[in-house]
Each structure stands twice: as C-alpha cells, then as structure tokens.
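> Counting in our numbering, the sequence shown runs from 11 upward without gaps.
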Amino acid sequence: MSRYDVVVVGAGLAGLTIACRLAQAQKKVLLVSTGAGSLLLASGCVDVLGFQPGDSKQPVTNPLDKLDDFLAEAPDHPYKLIGKANVAGGIEAFWQLVNNNASLEYWGAADRNWLLPTAAGAVHPTCLAPTSLANGDLSKGGSMLLVGFRELRDYYPALISQNLNEQNLGVETATVTIDAPAPIKDHLNITPIELARAFENSDFRRKVVQALKGKSNNYNRIGFPAVLGLKQHTEVLADLEKMLGKTVFEISTLPPSAPGRRLFEGLKSAFLQAGGR
Numbered sequence: 011m012s013r014y015d016v017v018v019v020g021a022g023l024a025g026l027t028i029a030c031r032l033a034q035a036q037k038k039v040l041l042v043s044t045g046a047g048s049l050l051l052a053s054g055c056v057d058v059l060g061f062q063p064g065d066s067k068q069p070v071t072n073p074l075d076k077l078d079d080f081l082a083e084a085p086d087h088p089y090k091l092i093g094k095a096n097v098a099g100g101i102e103a104f105w106q107l108v109n110n111n112a113s114l115e116y117w118g119a120a121d122r123n124w125l126l127p128t129a130a131g132a133v134h135p136t137c138l139a140p141t142s143l144a145n146g147d148l149s150k151g152g153s154m155l156l157v158g159f160r161e162l163r164d165y166y167p168a169l170i171s172q173n174l175n176e177q178n179l180g181v182e183t184a185t186v187t188i189d190a191p192a193p194i195k196d197h198l199n200i201t202p203i204e205l206a207r208a209f210e211n212s213d214f215r216r217k218v219v220q221a222l223k224g225k226s227n228n229y230n231r232i233g234f235p236a237v238l239g240l241k242q243h244t245e246v247l248a249d250l251e252k253m254l255g256k257t258v259f260e261i262s263t264l265p266p267s268a269p270g271r272r273l274f275e276g277l278k279s280a281f282l283q284a285g286g287r
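#1: Which one of Val-181, Asn-211 and Arg-122 has the shortest CA to CA distance from Pro-193?
#2: Decide if the stretch 256 to 271 is in contact with the stretch 181 to 199; the criterion is three or more beta carbon pairs, one per stretch, under 8 angstroms apart.
#3: Where Phe-209 and Asp-86 are concerned, what is the direct C-alpha to C-alpha distance, given to the nearest angstrom?
#4: Considering only the alpha carbon of each residue, which of Asp-213, Ser-113, Asn-173 and Ala-119 lies closest to Leu-59?
#5: Got a sec? Which residues, its chain only, sit under 8 angstroms from Met-11 by beta carbon, not counting five neighbours each side?
#6: For Ser-43 and Ser-153, I'd like the C-alpha separation in whole angstroms.
#7: Pull up the distance between the alpha-carbon of Ser-226 and that of Leu-156, whole angstroms please.
#8: When DSSP labels each residue in this structure, what does Ile-261 get in the three-state scheme?
#9: Pick helix, strand or coil for Thr-141, following the three-state DSSP scheme.
#10: Rounding to the nearest angstrom, what Cα-Cα distance links Ile-203 and Thr-141 in this structure?
#11: Taking 8 angstroms as the threshold, find out whether the stretch 70 to 77 comes into contact with the stretch 275 to 286 through three or more Cβ pairs.
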C-alpha cells in the first residue's frame, strides 16, 4: 500500500497551493521539487485579469466583470474550463490559506484589482497582494516619495517616478536615493534578498530612517524597493511606519524577489505544519 495519497511535483505557486490544501484536507501528500520553484522570480501577487480584452491598455478594475469578454476572445483559456464561480472560489481559498499563516498577510478579492507600481514605472493590476505592496495602490492618489539605494542593482527610482507621473494616474511622485548603512554600504550590485536580510537588523532600519529624516515630510506615502525583510517582514514594515510616521509600501524589484521568497516560505511552512512531506 502506498504511503501517500497524492504526489505533487513542483514547488511553484500552483504546486505549493494544491499541496497545502490537500494536506489540510487530511490527505497524505508528498511534494517533490528541486529548489524553490518559480516564486523567487515572481512578484508575490496573484493576478486574474489585468487588462481589458483586445489591445486596450486600460487596466481592469473588476476582473470578474470582464471575464466573459475575455473568454469570448480566448475561448480555449483554462478559465473557460473551470468557470467564473471557481475562479472567484479559488481566489477566496488562496486568500484564506495565506492569511491563516502568521508570516503572511494578503489583501484583495477576485472582484477588484489593486493598481500597483512596477520597477519600470508601469501599472500592475492584481487582485491579491501582500500588505506592503497593496499599500502602494495607485488608485488612492496622493503624493509618494520613492526611495532608492545606491548599492542595489537594477532599481531606478527616477525611472519609476518619471513614468508614473507621465500617466496621469492621480499620484505625484518624487525620489530620493541614499547610501545603505553598514554592512551594505559601498557593496555595489547587491541583490534584493541581501538587502532584505539587512533590513531585519533594527539598527540598520534606524539608520535608514535617519537618512530620510527631513526628506519625507511632505509626502503621504513612502515607497521602498521590495526589500523590507524576509522572515521578519511584518515587524520590519510596522517598525518603519512607526519611525517615519507614514504609510510605507514596497515596489516589486527584478528577481530575486523578496515577496516571492516570503510567499514560498509561508506556503512551505503551512504545508509542513499540515503534515505534508
């Protein structure tokens, strides 16, 4: 007799999600994977339908409302096979899964999209996002200060700000680039994961806030690259908001992705706690 009811191959978003749900349903599940899967390359968000059907560049505000139009143009899409009700049900089930994990907090639903800034200054419509990314929802308007670090590779706040300001989104953005405190200072081309680990040190965070004092007073929100911790992310976000007295948000970076890493670790933890192997 087999030791397992189900063998799941792959530890990407789909593999980890179904493995968690099966294990929580009292199935004996074996997850087979080499490495961390695709989540380290992902934004950490969950998309359903981002843009209007056809060639429109208009972001979708309610994915469920536009799903029928989309399927009329793409009748072979998997959404057609599972149906609108199961799309909504899947998003709700995933929301419950991640929010039952102490290390993760997601916001959203299948009937609305957050409009989030990307590392290129484009708009990313997504229906489920971690708190830190959802805090940057462009539909809220207002003014935002975008923070960069000279040592962080492939992240350009001026590019993000210019592109956002040119799109008439109802937000006003400005930028500031600072030197990262020690031990990151002067270590050029560091990755988002390296910087995220540094942010888990309270003294490092305090020095970052000191560097921003006097520069952030006139802005409603402060946007950092998505480097605000890994295992201690919730604590890091709350601490920065307390010290700065502002809403703090993250903008997804090029891979490796800290939000993707957090989601991977959170789902893996939930799977193991449910008895998976």
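Glycine included, every Cβ here is placed at the ideal spot set by N, Cα and C.
No experiment lies behind these values; they were computed from the predicted model shown.
Once the coordinates are examined:
#1: Asn-211
#2: no
#3: 45 angstroms
#4: Ala-119
#5: For Met-11, the pLDDT reaches just 42, beneath the cut-off of 50, and the residue's location in the model is therefore unreliable, leaving the point undetermined.
#6: Distance between the alpha carbons of Ser-43 and Ser-153 is about 43 angstroms.
#7: 10 angstroms
#8: strand
#9: Helix.
#10: 19 angstroms
#11: No contact exists between the stretch 70 to 77 and the stretch 275 to 286.
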